[in-house]
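Counting in the working numbering, the sequence shown runs from 12 upward without gaps.
Don't be surprised by glycine CBs; every beta carbon is placed ideally from N, CA and C.
Being a predicted model, the structure only gives us computed values, none of them experimental.
The structure appears below as structure tokens.
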Amino acid sequence: MTLVLSVQTKGSIWMVADRRLTINNKVMKEDARKIVKLRTTDGVAMIGYAGLGATRSGTEPSTWIANVLRGRNLLLQPALNILADALKREFPPQLRGIEDFAHVMVVPAIVEGRQRLYSIDLVKQTGRTFYRYSRHITREPMTSRSPTYAIFIAGSGAHLLMRKESWKRPLLRLVKAYNKGRVCPKVIADHLAAICYGVHKGMMQKGDRTVGPKSIVAWSDASLGGGQLTYNGEQEEASASTVPVIDKGMDVQAVGTALMQPLMEHAMGMMRALEQGVPIEQIQPPSEAALKGALDKLPSEPDEKLR
12 MTLVLSVQTK
22 GSIWMVADRR
32 LTINNKVMKE
42 DARKIVKLRT
52 TDGVAMIGYA
62 GLGATRSGTE
72 PSTWIANVLR
82 GRNLLLQPAL
92 NILADALKRE
102 FPPQLRGIED
112 FAHVMVVPAI
122 VEGRQRLYSI
132 DLVKQTGRTF
142 YRYSRHITRE
152 PMTSRSPTYA
162 IFIAGSGAHL
172 LMRKESWKRP
182 LLRLVKAYNK
192 GRVCPKVIAD
202 HLAAICYGVH
212 KGMMQKGDRT
222 VGPKSIVAWS
232 DASLGGGQLT
242 YNGEQEEASA
252 STVPVIDKGM
262 DVQAVGTALM
272 QPLMEHAMGM
282 MRALEQGVPI
292 EQIQPPSEAA
302 LKGALDKLPS
312 EPDEKLR
């Protein structure tokens with residue numbers, strides 16, 4: 012499975028997830044993307060998950076989540092309703108022949124200036140499939156202003172963190188300091204990566220390889236800022252793999268990738284011009300038509316099919 016940990020406060024939300032995919036405790040890959048960032052018309056959210064790491068054809072749920080939410084400029088609640096219904100329909104066929112299995116999606120969010128926490132659970136046990144979609148609050152009644160839990164953990168590595176509470180207070184202090192502008196985001200990202208790496212080491216001591224040494228930390232704040240960093244152990248590392256971002260229905264990563272090719276071709280043309288002594292002013296930048304053509308090739312409609 013994995014480890015996914017979220018922190019949700021009024022000023023910012025944070026998530027760390029390891030990058031390992033395993034089958035029967037055998038390591039399959041170390042560069043999975045188990046987080047999706049989401050911006051809706053009423054706030055920001057992140058969707059992390061533990062359970063199914065990839066389909067038989069290799070599709071990661073993060074890619075599928077982005078496909079489901081693509082082209083849908085919605086409020087957060089309707090967007091999650093659609094995602095939950097799609098999961099309920101599309102995941103069970105991927106679990107045929109598998110028993111005693113659980114998949115959970117963790118969704119920290121800031122909606123209209125207040126933190127929220129949702130989860131979508133699918134559990135297969137003794138031939139039956141159970142499904143639950145929840146908003147988590149610390150006390151009744153449930154309203155738009157109901158308080159929520161500050162920290163949520165899920166996955167096979169969660170039990171190691173549940174055994175003691177001492178790690179929570181320092182983490183929350185750092186996040187509160189970030190919200191007040193006293194520390195930079197990398198301080199919290201480093202801290203979360205260290206927690207994830209500690210869980211990896213603890214799991215390995217037990218012979219459990221389901222939590223890997225590498226992780227992704229992502230964050231969003233109430234001012235619509237945010238970012239992401241990748242780690243190998245406790246050390247930040249460069250990675251070409253970024254988490255999917257859906258911004259009011261637009262697949263930001265797909266747009267960036269589509270525009271990169273004509274821009275790279277232009278950059279290569281300028282380099283060749285310099286090598287050949289040709290004035291770079293003669294190298295025409297990509298035309299508006301070329302850029303538009305690259306974008307027009309992108310799918311713009313939602314795709315709920317999990318392949």
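Note down, in chain order, each residue of its chain lying with its Cβ closer than 8 Å to the Cβ of residue i, except the 5 sequence neighbours on either side.
i	result
F102	L63, H114, L133 and L317
L85	T51, T52, I93 and G260
K99	L133 and Y142
V306	Looking at the sequence itself, residue 306 is Leu, so the reference to Val does not match. V266, A269 and L270, listed in sequence order.
What number of angstroms, rounded off, separates the C-alpha of residue i from the C-alpha of residue j?
i	j	result
R220	M214	7 Å
I162	G138	32 Å
A269	K217	44 Å
V4	S311	Residue 4 falls outside the range modelled here, since the chain spans only 12 to 318, and no answer is possible.
S145	A120	13 Å
E245	Y208	7 Å
S320	Y160	Residue 320 cannot be examined here, being either before or after the span of the chain that is shown, 12 to 318.
H202	P181	9 Å
P224	W178	19 Å
V228	L49	15 Å
I24	V263	20 Å
L87	R127	11 Å
R83	M57	16 Å
R44	Q287	42 Å
S250	A204	15 Å
V18	M26	6 Å
G237	S231	4 Å
Q239	A233	16 Å
A200	S226	10 Å
K212	P196	25 Å
Kindly list the residues whose CB is nearer than 7 Å to the CB of residue i, restricted to its own chain and excluding five residues on each side of it in sequence; keep chain order.
i	result
T33	M39, R220 and T221
V198	L185
L285	I291
G66	This sequence places Thr at residue 66; Gly is not what is there. Contacts found: Q105, L317 and R318.
N190	T20, G22 and S23
Quick one: grab the DSSP three-state call for residue i.
i	result
H147	coil
Q264	helix
K197	helix
T33	strand
L203	helix
A173	Position check: residue 173 holds Met in this sequence, whereas Ala was assumed. In the structure shown, M173 sits in a helix (DSSP, three-state: H, G or I).
K187	helix
Y208	helix
I58	strand
I76	helix
K303	helix
G166	strand
Q19	strand
L182	helix
I12	According to the sequence as given, residue 12 is Met; it is not Ile. Reduced to three states, the DSSP call for M12 is coil.
Beta-carbon within less than 6 Å of residue i's beta-carbon, same chain only, minus the 5 sequence neighbours each way: which residues are those?
i	result
G166	M12, T13, L14, V15 and A61
E248	T241
G168	L14, V210, M214 and V222
S157	I148
I294	G280, M281 and A284
D111	Q136
V194	A188
D42	R30 and S252
R81	D262 and P313
Could you tell me how far apart the beta carbons of residue i and residue j are, in whole angstroms, since I believe they sit closer than 8 Å?
i	j	result
I76	V47	5 Å
V210	L171	5 Å
G59	A28	5 Å
L309	V266	7 Å
V122	S130	Their Cβ separation, rounded to whole angstroms, is 15 Å, which puts V122 and S130 out of contact at 8 Å.
A301	P273	5 Å
Quick one: does residue i have its CB under 8 Å from some CB of chain C?
i	result
M261	The structure shown has no chain C; it contains just one protein chain.
Note to self: Ignoring anything shorter than 3 residues, give me the beta strand (DSSP E) runs that lie fully in the segment 222-285, in order along the chain.
What the structure shows: Taken in chain order, the complete beta strand (DSSP E) segments of 3 residues or longer contained in the segment 222-285 are 225-232, 237-243 and 256-258.
Notebook entry, point to check: Could you give the uninterrupted runs of the alpha helix (DSSP H) lying entirely in the segment 87-154, keeping only those of 4 residues or more?
Noted result: Within the segment 87-154, the alpha helix (DSSP H) runs of at least 4 residues that lie entirely inside it are, in chain order, 87-105.
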